[in-house]
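Read the structure below first, then the notes.
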Amino acid sequence: QHDLHGGRVFVEMIEIEQQTRQDREERALGQAQVTKELIRNLAHEIKNPLGGIRGAAQLLELEIDQAELGEYTQVIIHEADRLQVLVDRLLAPHRKAQVVAELNIHEVLERIRSLVLAEYPRGLVIERDYDTSIPEFRGDREQLIQAVLNIVHNATQALADPIERGVARIVLRTRIARQETIGKQRYRLALELHIEDNGPGVPESIRDQIFYPLVSGREGGSGLGLTLAQTFVQQHLGTIECDSVAGRTVFKILIPLH
C-alpha cells in the first residue's frame with residue numbers, strides 16, 4: 006500500500022513538473038511571437054528614415070568646406086551605417102528561408118569550437134562531452150551554427166576575467182532525451198544540448214528577460230544574440246532555457262529528432 010501511494014505521488018510530481026515546463030514553453034513561445042512582430046515593425050520604422058539621414062549627411066558633406074565640420078557628417082554617416090547593420094540583423098531571421106538537410110550536431114559543434122578557439126587561442130578551454138550515438142537529423146546547419154555560436158560568444162564575453170587568468174572553461178555536452186514533451190508535442194527522441202561555462206553568471210536583474218531583444222548584461226552589447234538563438238532553435242521546433250548561478254551557467258537546447 007505504501008509503495009503504491011509513494012508511486013502515485015511520484016507520478017503526480019512528474020506530471021506537475023511536465024505541466025510547469027509546458028506552461029513555461031508556451032509563455033516563451035508567445036513572448037517570442039510578440040517579440041518577432043515588434044522587431045519587424047520597429048526595424049521597418051527605423052529603416053526608412055535611416056536612409057534619408059545618411060543621404061542628407063552625404064549631401065551636407067559635399068557642401069561643407071571646413072574639415073572639422075566634415076568630421077561631424079562622418080559621425081552621422083558612420084552611426085547611420087551602424088544602425089543599418091543592427092536593423093539588418095533584426096530582420097535577417099525573418100527574411101531568410103531555411104535550408105534544410107541532414108546534419109550531424111557534432112560537426113556543427115566542432116565548427117563552433119574551432120572558430121571560438123581561433124579567436125581565443127589562450128586562456129580558454131572548450132571541453133567536449135558528446136554522445137556519439139546521436140543520429141543525424143534534418144535541420145538548417147547555418148542557423149544552428151549561428152544559434153550556438155551566439156550563446157558561446159555570450160559566454161566568452163562573460164568569461165573575460167577568467168580568460169585573462171587562464172581558467173575559463175566552456176563545456177559542449179550532447180545527450181539523447183527520451184519521451185520529451187516540447188510545446189504540446191510528445192517526441193520519442195530529442196537532442197539535448199548543454200552549453201556550460203564557469204563565468205560569473207547571468208545578472209539576476211535580467212535573468213528572466215535574457216531572450217528579449219535589446220536586453221544585454223554588458224556595456225555596449227546589442228542584446229540580439231540570444232534573441233536570434235531562440236528564434237533559430239524555435240524554427241527547429243525546439244526550446245532553449247537558461248539556468249545560472251555564480252560560477253556556472255548552463256544553456257539547455259532541446260530539439261526533436263524526427
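Under this note's numbering, the residues of the sequence shown are numbered 6 to 263, in order.
Glycine residues also receive a C-beta, built at the ideal position from the N, C-alpha and C atoms.
- DSSP, reduced to helix, strand and coil, places Arg87 within a helical segment of the structure shown.
- By the neighbour-count criterion, in which 16 or more other beta carbons inside 10 Å mark a residue as buried, Ala72 falls on the exposed side.
- Here Gly60 is exposed, its C-beta having fewer than 16 other C-beta atoms within 10 Å.
- DSSP places Asp136 outside both helix and strand once states are collapsed to three, so it counts as coil.
- The straight-line gap separating the alpha-carbon atoms of Thr179 and Ala152 is approximately 15 Å.
- Rounded to whole angstroms, the separation of the alpha carbons of Ala48 and Val250 is 34 Å.
- The distance from the Cβ of Leu196 to that of Ile139 is about 6 Å, consistent with a contact at the 8 Å cut-off.
- By the Cβ test, the stretch 192-208 is in contact with the stretch 252-260, since at least three Cβ pairs between them sit closer than 8 Å.
- Sequence-distant partners of Glu246 (beyond 5 residues in either direction) whose C-beta falls short of 6 Å from its own C-beta, in its chain, are Lys257.
- With 16 or more other Cβ atoms inside 10 Å of its own Cβ, Gly243 counts as buried.
- The three-state secondary structure of Asp213, taken from DSSP, is helix.
- Nearest neighbour of Glu50 by Cα position, chosen from Ile131, Phe142, Asp93, turns out to be Asp93.
- Exclusion of the five residues before and after Glu66 leaves Gly75, Thr78 as the residues of its chain whose Cβ lies within less than 7 Å of its Cβ.
- A straight-line Cα-Cα distance of about 52 Å links Ala173 and Asp70.
- Of the other Cβ atoms in all chains shown, 16 or more fall within 10 Å of the Cβ of Ala160; this residue is therefore buried.
- For Arg174, the three-state secondary structure derived from DSSP is strand.
- Only residues of its own chain outside the window of five on either side were considered, and among them Ile168, Ala173 have a CB closer than 6 Å to the CB of Leu129, listed in chain order.
- The residues His111, in chain order, have a CB closer than 8 Å to that of Thr137 in the same chain once the five nearest residues on each side in sequence are set aside.
- Counting along the chain, Ala152 sits inside the alpha helix (DSSP H) bounded by residues 146-163.
- About 4 Å separates the beta carbons of Gly230 and Asn155, which is inside the 8 Å limit, making them a contact pair.
- Burial state of Pro218 is buried, judged by a 10 Å Cβ sphere holding 16 or more other Cβ atoms.
- Here Leu96 carries a helix assignment [DSSP, helix/strand/coil].
- Residue pairing by DSSP places Ile181 opposite Leu196 in a beta bridge.
- At least 8 Å separates the beta-carbon of Val113 from that of Leu55.
- When secondary structure is reduced to three states using DSSP, Asp70 falls in the coil class, being assigned neither helix nor strand.
- When secondary structure is reduced to three states using DSSP, Pro261 falls in the strand class.
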